[in-house]
Structures are given as C-alpha cells and as structure tokens.
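Protein chains: 2
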Amino acid sequence: MTEHLEDILATVRPLEPIELQLLDAQGCVLVEDVTVPVSLPPFDNSSMDGYAVRVADVAGASEGFPAVLTVVGDVAAGQADLLHVGPGQAARIMTGAPLPPGAEAVVPVEWTDGGLGEGPVSGMRAHSAAPEGASGQVSVHRPAEARAHVRALGSDVRAGDRALAAGTVLGPPQIALLAAIGRGTVRVRPRPRVVVLSTGSELVQPDEKLGSGQIYDSNSFALTAAARDAGAIAYRVGAVADDAETLRSTIEDQLVRADLMVTTGGVSVGAYDVVKEALSTVGDEDEAGSGVEFRTLAMQPGKPQGFGSVGPDHTPLLALPGNPVSSYVSFELFVRPAIRTLMGLEDVHRPTTRAVLRTDKALTSPAGRRQFLRGTYADGEVTPVGGAGSHLIAALAQADALIVVPEDDTSVEPGTEVEVVLLG
Amino acid sequence: MTEHLEDILATVRPLEPIELQLLDAQGCVLVEDVTVPVSLPPFDNSSMDGYAVRVADVAGASEGFPAVLTVVGDVAAGQADLLHVGPGQAARIMTGAPLPPGAEAVVPVEWTDGGLGEGPVSGMRAHSAAPEGASGQVSVHRPAEARAHVRALGSDVRAGDRALAAGTVLGPPQIALLAAIGRGTVRVRPRPRVVVLSTGSELVQPDEKLGSGQIYDSNSFALTAAARDAGAIAYRVGAVADDAETLRSTIEDQLVRADLMVTTGGVSVGAYDVVKEALSTVGDEDEAGSGVEFRTLAMQPGKPQGFGSVGPDHTPLLALPGNPVSSYVSFELFVRPAIRTLMGLEDVHRPTTRAVLRTDKALTSPAGRRQFLRGTYADGEVTPVGGAGSHLIAALAQADALIVVPEDDTSVEPGTEVEVVLLG
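Those sequence lines, one after another, are chains B and E.
Numbered according to the UniProt record's numbering, the first sequence spans residues 1 to 424.
Numbered according to the UniProt record's numbering, the second sequence spans residues 1 to 424.
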C-alpha cells in the first residue's frame, strides 16, 4: 500500500504554472516570489476623519481654550490636487486621504467643534448636504503630536519587499495583499482537471428505473464530489458498460480535458473486468511510459488497484475498485494526494491522529492486510460505524474518520489507542 | 459587538429550499429526511469473483479431493436472465452479480482451478479472450458455508429506513448514499448569492496605473474570495466612487442577483461617507423593514458598521468599514455567520480556542473596546504578527488567527492565556 502510494507520488508531477486572474487563483499555489512594486501606503495619509493641522497651531489646545483655525477646504480620499496648510490653517480631511503639504498631524473630528461653533461633535455632515463645512473656522480642543493619526508611506510594506513567497496558498488575505500592491493576475499552478468515470453493466443513473440485477451508479457522483473537495475541477462522465472497446474509446475521448483520469470497477480477477483489458491498449502503445499496472495491495478495502498513464501526453490514471466503500477509501488514500500533488501543495495527505477505540467488542481484521474501518471521531475517541463490508454506503455516510488497523493486528480490543485518518 | 451580531443572526433567515441535481447540492444543507425507497443491495449478490454453488456439492472439498462441478454459464454484474444452479452444477459469477436461483454460496475463484484442470488460479481469463471459461468443469478446493461471500438484500439499508436526516450537510459520502438509493435530485438550501462592492473615489483596479492620492482596491477581491470560502456564490462588483447617486443606482442594479449585499467603506464620520448617505433611500422607502442602521461598536478594528435591508425584497445588507484589515475582520465576525445562516448551517462561527500568548512585550489595547489582533497559531501558542493598524495588509496575509483582547483589558502580558479565533 505504502509502495503504491509512493509510486503514484513519484510519478505525478505538479502541473505547469499559468497566469490567472486573482479570483481565479483562489486556493492555488503561487509559483513565484511576489515583490512589492510600490510601497503601501503609497503616500502619507490620514487614519481618521478630522482636520489636518500644524502641530504648533494646536499646542496646548483644550475645550476651554480651543485653537481656532481657518478651514482652507476638504481633502477627500482619492483627491489629487492638494491644498497647502499654512500657519493658523486646517484642511478638513477624510480617512485615507493624502496628508496635504504643510500639515504635520491630523486631529479627529471628535476633538473639534466640526466648524459649528458649539461643543465637540461626533462627526461631519455630508458634503453634499452641507458644503459650507469645507470652509469657515474650526475650534480644536486637543493638541496633537507630529504624525498623529497619520499612516506613513511604506508603513505596511516597502517597494522591493517580498510580499508573498513562492509556495504560498492563495486564500482571501493573500488575495487582498496581491490586489493592494496592484497585481491583477498571478502565476500559479492551476487546479487539475479530473475526469471520473465508473464502469459496470449493472449501473443505472439515479432517477431512472432499476431493472433486474441492476444498481444505481454512486461512485461517479461520490468521486466527482470528492475530487472537487480536494481542489480539482472535476468532470463526471458517468457509468460505462463492461465492454473493453466502449471503455477504451470513452477514455480516449476524455483525455483532451483530463490532467488525471479516475475509473472505478473492473480491476479485479473476474472475466468481465474490462478496465484491465482495455487499459493495456489505450493511447500509443509504442511510446515509453504508457500503460497501466494492476496490483493486489495488502489492504482492506481496496485490494485491487491500477495506476499508470494513458494517451500521448501520458495522462496519469488511477483505476480504483468498484465497491462503493472501496472506491471512496481508495480515493482518500491515493487520488486525493495525487490531486494535491498536481496542484503543487506541500500538504497532500489527510491529517491523522491517535484516538482511543470506543466499542463494545473487539474489532477483527484479516492478517497481513491493513484495514481501514469507518468511524466517527470526537475528543480523542473514535467509534466504529457499520461493519467491514465494502458495500456499506449508509455507514460511510455517517463516518468522518477511517480507523487504521495495521497489517499484523487481527484483533483490536476496546480502549486500545489506534491511528485515525480524519476525513475533515 | 455581540449585540450587532445577534441582530444580524436574528434578522437573516435561511434561504428557501430548492430541488438541486446531486452534484449541485454539494456542501448544501438537506431540508428533508430522505427515506430509502428500495433496499440496498436490491438483491442477494456476490462479493467475490468466483463460482455460485450449492453448499452440499462442495462439502468436504479440498485441493487433494476437489468437488468437480459442471459450469452452466456466467453470471455477470447487471445480468437480468439468470441461470439455475442445480445439484452438481456451478455458475461462474462476478462481484456484484445476482446470486442465481439454486445457488447457496459463492466460492472465490482463488479456491478453484478456474476450470483449467490444474492447481489453484489467481483469477479468471477475460470472457472476450476465453469464452470457454463459462463452460466445462471446475474443481473446487474448499467448502463454503451457506451465504458465504453473498451480500444479502438489504444488508446495507432497508426500504423505509431513514438514509439521511434533514440538516445533514452533503459531502461526498452523503452524495454517494443518495445516488446509491436512486436520488438524482435533492431538496436543499441553495448557496447564497453574495454581491460585494467596495466604495471609495481613491480606489483603482489592480494592473491599472496608480494616480496621485490613489490606492488599489483590495477589499472587493478579498471579500469575494472570503464569501466563496464561506460557501457563497460571490459576485465582485468592484469599486464605486464616493457619489451617493452612483452608489444607490449600483446597489439597485445588483439587487436582482443578491441574497446578501456587502459593501466596504463610507460608513464612518467623514463628509464623503456616501454609503450612509445612499442607503437610507435605497429600495422602497415606504415599506416597513427597509433601511440600514449605522452603529459604532466597541471593537477594534471595525468600529463603524452598518446593517439592515434594502430593496423590495428586504435583501440583507452589511456595510463594513473600508480599511482593509477592518473589512476583513468584520467579514469574519459578521458576514461569514450571516452567509452560513442563509445556508441553513448549524455551525456558523469560526472555531475558537485558548492559546498562550507568545510575544516579547505586552500587547496594548484601548480600554472599552474588544480588540482583534492578527496572529499565527500553532500547538497551543499564538504569536502576534504586525501591529494594530487597520491598514496593515501584509501582516494580515501572514496570519491564520485573530487574538481577542477583551474590552476591559488594556494590556496583555506575554505568557497570558488568550482567546483565539482560528481562521482555518
């Protein structure tokens, strides 16, 4: 099992980076160090709504003995033509607006009479309703130190600083920083396109009528959802009948939109296991590196597995077993790490933890096979749900963890500490 | 702050449920108890590739003294016309294929000679290459108990059982179960459509040239990404200039695609804070329940906040402050819970934990305001990154946690245990 995973991770390579619009790069891995082109803030600006003043003019000011200054106008955010603030003058200034020449500090509007000639005010009246607020006189009730309520140019980041390192995963705050330094696009590894198809002549699409001997296709739905959950763009092809030629041509058709192909079913030892049959001749047979190898792994569920590459571009393909629980567990153990490797993520595995087994009777496990049982995890304890059968989908839907029983253990007593894979 | 959040959560109602295709419902909350219409498996079927036999025919069989049976044909998965297995007979059977009438158990192909007349085999040859495998004789080397390697009808779920309860969040395993019981569509609360717009005449789109007094719009990018992260379908409108009429008409235009509107900027006490100005007259003024209330909260960052509803459908609107860190923290504390409430999720808040403050000097915090500082959390410890300034985007991009300093604390010593919001 470990060897199979190692082979997959040694073969699958991160996708070639592309330049993406910022919001299309969400969740992707940056491949370049991003340098700050222009300092942030790009200019000294006010952190408050208030008045830009000279320090000497407001020295010693109090509500009883205010400094009375002449308002020379407004400085709004985004304003390019700046007033000059001379001795005895103030400019009304808004949060984010550039500190005008001559001014040394900002006093918040709450420290003034707002130009109304009465007591302290709680804010400014809208300019559109009261344009006279940008003129007249203002009484300032408190002194201000130099640079008070001023955000200095470059106090966030400086031009030439490294904003983000290659390898960073772009979440909302990283996207905020990239936008703030003016980056509209960014070079990242794209999300892999994963094509999911299930095989089996017994499979019927949900909502259709079930005939004798038929069951509903659930694997193609489950794995498409799981591939998305892992970060991929997933395409569900649906169920293909057990006919090697049909399967081969379906896979060849789908290659054009696949960075990774995932099939379920048809990998065991039966006479109609057409995935094995078909995959030896997909793509160019003469080219090195092509072909899919089928293995029997020492694990339960998920014993039969196939892995290799198909088609002219050697598109990686994972062939999972067809039992619903087997295919889902195989996805978690093998396909999810492959998808996350394609994305260039460092952290490709589900988190694991140790937990105390909470159960009435001992768990049994076949000798020589690593078993993955479904369970629910909470507060350091894990409780098995359902049995070991690979067809038990209802129990799988209640589980949030896999309980790992090592190869050598054939029985695990209640209260034993076990390894648990958290399905998140 | 708590009151503001309570008002939001008391006002925002989960969206009306709709019927969605299974894969479109991923991550959504189920609003109905789903009952199993037909038992799973729907018929007794084989869990192995092998031979369907009668128990008496293989009693006492061994490799030295095999039971030799006549192969009456193949039973493949999905096959409707079943053979009858009489005394002395066997049907070759594939995993998932219905147990044919007359047969009582399945022996795996590895317990037989596969019809080749030699020792035990490891599998079957493909039917297409060796059709004779479905006929002739097979030697069985081991006995089988009744029902061995047979999955019984209904052993996973039974018709009438509750498959999933209302309130379940649909992840891959739940989607697997719904597909398996034949549900192609399901009734869920849809993802909310969230329209994000930033306001400010100083804002320039990334990749464009920055003029004097201008900065790049980062809030609309950050909050669109954050809204998606919370589960929403998010639309980024971009930056609107500080003009009440433009803002009002933009909001009215966008209402058609909004379950929730989020604005940034223009909510403070300045003379150009047009969000306040514009939002009193959006939609139908005469209708009850319309209107946005602006508040000053005892928190830092994020002091000025607006919340209410706009337009004929009383679309909820959250007006966040414009400083990048303020808007992001406000999103985490107020908008994310609102989005998750719209989705019908139980768990609307980010997880919090206690952590030991790892820092060289004491943190300071204004009296009477709950402060949210940015930090990095690991192994029970949290380390502040950057200062308290609301414009420090670079530090925000390094953080994965918010450190909460309560209203009454003005200083927090290194080593103190603090509350931490994990940004995940």
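Here a beta-carbon is modelled for each residue, glycine too, at the ideal position from N, C-alpha and C.
As the structure is a prediction and not an experimental result, all values here were calculated from the model.
Own chain, CB closer than 6 angstroms to residue i, minus 5 neighbours either side, in chain order
i        : result
B/Pro100 : Ala52, Val75, Leu82, Leu83, Val85, Ala91
E/Pro351 : Leu422
E/Pro301 : Val325, Ser326, Val329, Ser390
E/Arg236 : Val196, Ser220, Thr224
E/Val269 : none
E/Ser135 : Val71
B/Gln21  : Thr185
Selection from the options that minimises the alpha carbon distance to residue i
i                      : options                                : result
B/Asp113               : B/Glu407, B/Glu332, B/Gly50            : B/Gly50
E/Glu381               : E/Ile403, E/Arg340, E/Pro108           : E/Ile403
E/Ala67                : E/Lys303, E/Asp207, E/Val107, E/Gln371 : E/Val107
residue 426 of chain E : E/Val348, E/Leu260, E/Gly368, E/Arg183 : This structure leaves residue 426 of chain E out entirely; chain E is present only between 1 and 424.
B/His149               : B/Ser46, B/Val412, B/Glu6              : B/Ser46
E/Arg354               : E/Asp379, E/Lys361, E/Ala362, E/Arg13  : E/Asp379
B/Ala97                : E/Ala271, E/Ser249, E/Ile233           : E/Ala271
E/His314               : E/Thr250, E/Asp273, E/Ala179, E/Leu255 : E/Leu255
B/Ser27                : B/Gly238, B/Val186, B/Ser122           : Note on identity: in this sequence residue 27 of chain B is Gly, with Ser being the wrong assignment. Of the listed residues, the one whose Cα sits closest to B/Gly27 is B/Val186.
E/Ala226               : E/Val196, E/Ala244, E/Ser139           : E/Val196
E/Thr341               : E/Gly167, E/Ala126, E/Ser139, E/Val71  : E/Gly167
B/Pro312               : B/Phe331, B/Asp360, B/Gly322, B/Asp253 : B/Asp253
E/Ala234               : B/Pro172, B/Val204, B/Val72, B/Thr264  : B/Pro172
B/Leu392               : E/Gly88, E/Gly424, E/Gly291, E/Val157  : E/Val157
B/Ala80                : E/Ile175, E/Gly211, E/Arg54            : E/Gly211
residue 426 of chain E : E/Gly308, E/Gly123, E/Thr70, E/Arg183  : Nothing about residue 426 of chain E can be read from this structure; chain E reaches only from 1 to 424.
E/Ser139               : E/Leu247, E/Val58, E/Tyr377, E/Ala180  : E/Val58
Chain-ordered chain D contacts of residue i [CB-CB under 7 angstroms]
i        : result
B/Gln305 : Looking at the structure shown, chain D is missing, and the protein chains on hand are B and E.
Contacts that residue i makes with chain B (C-beta to C-beta distance below 8 angstroms)
i        : result
E/Arg187 : Per Cβ cutoff of 8 angstroms: no residues; E/Arg187 is ~14 angstroms from chain B at best.
E/Tyr328 : Pro172, Pro173, Ala176
Local Cβ density within 10 Å of residue i, reported as buried at 16 or more and exposed below that
i        : result
E/Lys276 : buried
E/Arg257 : exposed
E/Glu208 : exposed
E/Pro131 : exposed
E/Arg191 : buried
B/Gly160 : exposed
E/Arg151 : buried
B/Asp273 : buried
B/Gly283 : With a pLDDT of 49 at B/Gly283, under the threshold of 50, the predicted position of this residue should be treated as unreliable, though the coordinate-derived value follows. Flag for B/Gly283 reads buried.
B/Ser122 : exposed
Within chain E, partners of residue i - CB distance below 7 angstroms
i                      : result
B/Ala163               : Ala394
residue 433 of chain B : Outside the shown range of chain B (1 to 424) lies residue 433 of chain B, about which nothing can therefore be said.
B/His349               : Those do not exist, as B/His349 stays about 17 angstroms from chain E at its closest Cβ, beyond 7 angstroms.
B/Gly202               : Looking at the sequence itself, residue 202 of chain B is Glu, so the reference to Gly does not match. Per Cβ cutoff of 7 angstroms: Ala77, Gly78, Gly96.
B/Gln214               : Gly78
Residues that residue i contacts on chain B, provided the C-beta gap is smaller than 7 angstroms
i        : result
E/Arg183 : Pro206
E/Asp217 : Ala179
E/Gly211 : Ala80
E/Phe221 : Leu22, Leu23, Ile175, Ala176, Ala179
8 angstroms Cβ shell around residue i - same chain, five flanking residues per side excluded
i        : result
E/Ser62  : His141, Arg142
E/Pro337 : Leu5, Ile8, Leu9, Val348, His349
E/Ala298 : Met1, Gly368, Arg369, Arg370, Glu407
B/Glu417 : Arg354, Ala355, Val356, Leu357
E/Thr359 : Thr383, Pro384, Pro414
E/Gly308 : Leu279, Ser290, Gly291, Val292, Glu293, Pro316, Leu317
Residue i CB to nearest heavy atom of the ligand SAM below 6 angstroms
i        : result
B/Val310 : Absence of the ligand SAM from the depicted structure is noted, as is the absence of any ligand whatsoever, leaving it without description.
Under 9 angstroms from the C-beta of residue i: neighbouring residues of chain B
i        : result
E/Ala399 : Pro173
E/Ala338 : Result: empty, since nearest Cβ-Cβ is about 16 angstroms, beyond 9 angstroms.
E/Arg236 : Leu23
Partners in chain E for residue i, counting only beta-carbon separations shorter than 9 angstroms
i        : result
B/Asp229 : Gln26, Gly27, Gly171, Pro172
Partner residues on chain E for residue i, Cβ-Cβ distance less than 8 angstroms
i        : result
B/His391 : Leu40, Pro41, Ser47, Arg151, Ser155, Asp156
B/Pro324 : Ala176, Ala180
B/Pro242 : Going by the sequence as given, residue 242 of chain B is Asp instead of Pro. Per Cβ cutoff of 8 angstroms: Ala76, Ala77, Gly78.
Other residues of its chain near residue i: CB distance less than 7 angstroms, five sequence neighbours each side excluded
i        : result
B/Ala241 : Ser201
B/Arg125 : Gly133
Quiz prompt | Residues from the segment 76-100 of chain B in contact with chain E, defined by Cβ distance under 9 angstroms | solution = From the segment 76-100 of chain B, only Ala76, Ala77, Gly78, Gln79, Ala80, Asp81, Leu82, Arg92, Ile93, Met94, Thr95, Gly96, Ala97, Pro98 have a Cβ closer than 9 angstroms to chain E.
Practice problem: Compile a chain-ordered list of the residues in the segment 12-40 of chain E whose CB is closer than 9 angstroms to at least one CB of chain B. | Solution: Close to chain B, meaning a Cβ-Cβ distance shorter than 9 angstroms, are the following residues of the segment 12-40 of chain E: Leu22, Leu23, Gln26, Gly27, Val36, Val38, Leu40.
Practice problem: Give, in chain order, every residue of the segment 132-145 of chain E whose Cβ lies closer than 9 angstroms to some Cβ of chain B. | Solution: Per Cβ criterion, the list reads Gly133, Ala134.
Exercise. Anything in the segment 101-129 of chain E with a Cβ closer than 9 angstroms to a Cβ of chain B? List those residues in chain order, please.
Key: Listed by position, the residues of the segment 101-129 of chain E near chain B (Cβ gap below 9 angstroms) are Pro108, Val109, Glu110, Val121, Ser122, Gly123, Met124, Arg125, Ala126, His127, Ser128, Ala129.
Quiz item: When you check each C-beta in the segment 252-279 of chain B against every C-beta of chain E, which residues fall closer than 7 angstroms?
Solution: If the cut-off is 7 angstroms between Cβ atoms, the segment 252-279 of chain B has Ser268, Val269, Gly270, Ala271, Tyr272, Glu277 near chain E.
Practice problem: With 8 angstroms as the C-beta to C-beta threshold (strictly closer), list the residues of the segment 358-379 of chain E near chain B in chain order. | Solution: In summary, no residue of the segment 358-379 of chain E has a CB separated from any CB of chain B by less than 8 angstroms.
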